[in-house]
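Notes follow the structure.
Residue numbers (my numbering): 298 to 527.
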């Protein structure tokens, strides 16, 4: 589904968090506290997307991305006329990544979303199939322009997998439609531990409002599905 008025993909955030709302610990270690059920849930959401978007910090923390591997999900994509893997889009202003990360050896289509400065280092290389430049004043990413480019390139459903700064930027611009949040049974704490939505934040009066679509439990985990109210 594409919002024709804004010419952008239908965008769903998919994150696992601790019971106190942290997506990583104070050391920003890779969040591997979700269960096998949560991983299967994440893969299902990835399989439904045309592209997956994540920030530079997420890539550096994990070094890889989640591929669609379940036979039923691969068959579903095939029946829908989609390629086996959604496009993996890394967003970064600097474009500073280690080309030896395992991500660059994974058999997935890779795009880079950046500004002019970040594009320079990768333009003559083969790691990214496509480099998208969407630059706003003061060398920041222009997200509305970026989403319009994605729509032009056929991205109709976008899954956002973090981190909190990226989600905060998109939320502030009203570019998110749905959220899937898995609440995991642990407490991480820490004033500097990242949360699902970072950035400048919202006042209580201007905070985005959510409609709960479903709440399901699987063992000790809770799977919450929200839609943004407009």
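Just so you know, even glycine gets a beta-carbon here, dropped at the ideal spot from N, CA and C.
These numbers were taken from a predicted model, which means no experiment stands behind them.
In angstroms, rounded to a whole number, what distance separates the CA positions of residue i and residue j?
i: residue 313; j: residue 339; result: 9 angstroms
i: residue 520; j: residue 309; result: 14 angstroms
i: residue 397; j: residue 502; result: 46 angstroms
i: residue 485; j: residue 315; result: 6 angstroms
i: residue 475; j: residue 370; result: 21 angstroms
i: residue 298; j: residue 361; result: For residue 298, the predicted structure reports a pLDDT of 47, less than 50, and the residue's modelled location is therefore unreliable. The matter cannot be settled from this model.
i: residue 470; j: residue 393; result: 25 angstroms
i: residue 421; j: residue 374; result: 32 angstroms
Using alpha carbons as the reference points, say which of the options lies closest to residue i.
i: residue 381; options: 424, 394, 403 and 447; result: 403
i: residue 413; options: 421, 423 and 438; result: 438
i: residue 504; options: 376, 468 and 517; result: 468
i: residue 499; options: 522, 477, 465 and 525; result: 465
i: residue 415; options: 376, 390, 423 and 434; result: 390
Please go through the same chain and pick out, in chain order, the residues whose beta-carbon is closer than 7 angstroms to the beta-carbon of residue i, but skip the five residues on each side of it.
i: residue 355; result: 458, 459 and 460
i: residue 444; result: 305, 306 and 472
i: residue 510; result: 522, 523 and 524
If residue i and residue j are in contact, beta carbons under 8 angstroms, what's the gap, nearest whole angstrom?
i: residue 454; j: residue 345; result: 6 angstroms
i: residue 462; j: residue 495; result: 5 angstroms
i: residue 384; j: residue 408; result: 6 angstroms
i: residue 411; j: residue 386; result: With 8 angstroms as the limit, residue 411 and residue 386 do not qualify as a contact, their Cβ atoms being about 10 angstroms apart.
By Cβ distance, which residues of its chain are closer than 6 angstroms to residue i, with the 5 residues on each side in sequence left out?
i: residue 517; result: 482
Beta-carbon within less than 8 angstroms of residue i's beta-carbon, same chain only, minus the 5 sequence neighbours each way: which residues are those?
i: residue 327; result: 321, 358 and 359
Q: Could you tell me whether the segment 316 to 328 touches the segment 484 to 503, using the rule of 3 or more Cβ pairs below 8 angstroms?
A: Verdict: yes, contact present.
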